[in-house]
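Just below is one structure, and these are the notes that go with it.
Numbering (the working numbering), first residue to last: 188 to 598.
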């Protein structure tokens with residue numbers, strides 16, 4: 188009887204192993220592009236002998252802008268959105284968050300975090316393969332015949348607002364503003380959008396919904412992808428000031444502190460410290476240069492980009508190995524000198540970039556800045572942000588609070 192029980196157990200384990208192997212094999216093969224190379228005998232032989240190498244002959248460059256809210260990520264996203272050979276998506280993980288958070292009963296528990304990150308990685312992998320149908324799992328109400336009007340910030344993607352994905356009245360090269368896109372383009376056809384994605388050589392995605400680069404390791408190491416991570420950081424004091432101005436209700440107690448000069452007893456300090464902890468953990472991983480990030484990771488400070496946008500953009504494109512499009516250069520020239528009336532829009536990208544990077548110094552009291560410096564001391568030093576020793580130093584624009592640092596890409 189005992190031998191029979193062991194035999195049944197061994198058979199069950201063997202069955203599970205066979206199923207797992209079959210699933211892995213099917214998943215890996217579904218991403219290969221070898222059939223497209225069938226006419227070349229050499230490529231066909233490579234496909235049989237070394238599938239990963241054959242796939243690398245023609246795969247896209249996949250770009251992920253890893254950032255946090257109010258760190259300048261929309262600006263960086265536009266550096267790719269304006270490139271004619273890049274398919275750019277603005278915050279597709281919003282849909283994962285919006286769908287899953289109501290189902291999570293424990294809030295920010297480790298299990299919920301793992302579930303959210305797992306779903307996010309699966310969606311990113313599908314989107315990088317131009318499988319936009321996978322996004323339908325997180326769109327409410329569900330798309331009908333692969334058409335929907337519920338894509339978050341669709342207008343922030345140039346491709347989704349131009350022909351053939353959108354066919355607005357006007358000249359063939361018409362580029363719609365974000366608000367006009369939603370109004371004039373109508374329903375988004377995901378089938379047509381996926382085809383537009385496949386026609387481009389690169390896919391770029393911006394997200395503020397992945398805390399650390401280590402959370403992306405499975406994607407970075409996935410041989411089906413050619414993923415390169417641009418981690419964008421900003422002075423946490425600047426992020427706090429920008430969030431307090433933009434999310435006025437959520438950051439109401441910080442604003443109360445600024446207005447009254449008294450720190451509220453129930454202030455949610457995690458609104459600041461979580462940013463600093465995530466930055467510190469992620470940047471520590473990147474700067475340790477683990478083998479799995481070789482050629483895959485670049486750290487960019489928003490302040491460096493704001494002070495010299497053209498130079499830093501050239502460095503970013505050099506790291507990616509992508510030629511800089513003239514449309515990108517023109518956009519930078521037109522959008523970093525700032526029409527003051529346009530720059531007032533809280534989600535806009537048209538502004539004087541250098542002035543914007545320093546504006547926080549006049550929007551926070553010294554008490555709040557001193558508190559932030561104490562809470563985030565480690566990451567400030569790590570990223571080269573100087574401590575303001577006094578209110579006079581804080582408010583003096585001739586005193587730089589950003590050290591000269593050369594964060595070279597890990598290549």
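Positions of the beta carbon are idealized from the N, C-alpha and C atoms, including for glycine.
Could you check what DSSP says for residue 345 in three-state terms: helix, strand or coil? coil
Could you spell out where the alpha helix (DSSP H) holding residue 369 opens and where it closes? 365 to 372
Taking residue 249 and residue 315 to be in contact with their CB atoms under 8 Å, please state how far apart those CB atoms are, rounded to whole angstroms. 4 Å
Could you pull out every residue in the same chain whose Cβ sits closer than 6 Å to the Cβ of residue 586, ignoring the five residues on either side in sequence? 580
Whole alpha helix (DSSP H) runs in the region 472 to 521 with 4 or more residues, listed along the chain? 489 to 494, 496 to 507
In whole angstroms, give me the CA-to-CA distance for residue 588 and residue 464. 20 Å
Cβ pair residue 341, residue 369 closer than 8 Å: yes
For the region 540 to 552 and the region 415 to 425, state whether three or more C-beta atom pairs, one from each stretch, are separated by less than 8 Å. yes
Once DSSP output is grouped into helix, strand and coil, what is the label at residue 531? Because the pLDDT of residue 531 is 47, which lies under 50, any placement of that residue in the model is unreliable, and the number read from its coordinates should be weighed accordingly. Looking at residue 531 - three-state DSSP - the assignment turns out to be coil, as it is neither helix nor strand.
Given that a residue counts as buried once 16 or more other Cβ atoms are within 10 Å of its Cβ, and exposed if not, what is residue 431? buried
Quick one: grab the DSSP three-state call for residue 555. helix
Could you please give the first and the last residue of the uninterrupted beta strand (DSSP E) stretch that includes residue 394? 389 to 394
Taking just the CA atoms, how far does residue 319 sit from residue 600? Nothing about residue 600 can be read from this structure; the chain reaches only from 188 to 598.
Proximity of residue 403 and residue 251 at Cβ, strictly below 8 Å: yes
Run the CB neighbour count on residue 411, radius 10 Å, all protein chains shown included, and call it buried at 16 or more, exposed below. buried
Beta-carbon separation of residue 322 and residue 302 under 8 Å? no
May I have the straight-line CA-CA distance separating residue 213 from residue 565, to the nearest angstrom? With a pLDDT of only 35 at residue 213, under the threshold of 50, the placement of this residue in the model should not be trusted; the figure read from the coordinates follows. Answer to the nearest angstrom: the Cα atoms are 46 Å apart.
Have a look at the DSSP bridge pairing and note the partners of residue 274. 390
How close, in whole Å, do the beta carbons of residue 455 and residue 443 come, if the pair is a contact with beta carbons under 8 Å? In fact, because the Cβ distance is near 12 Å, the residues do not count as touching under 8 Å.
Starting from residue 415, follow its DSSP beta bridges and name the residues at the other end. 250
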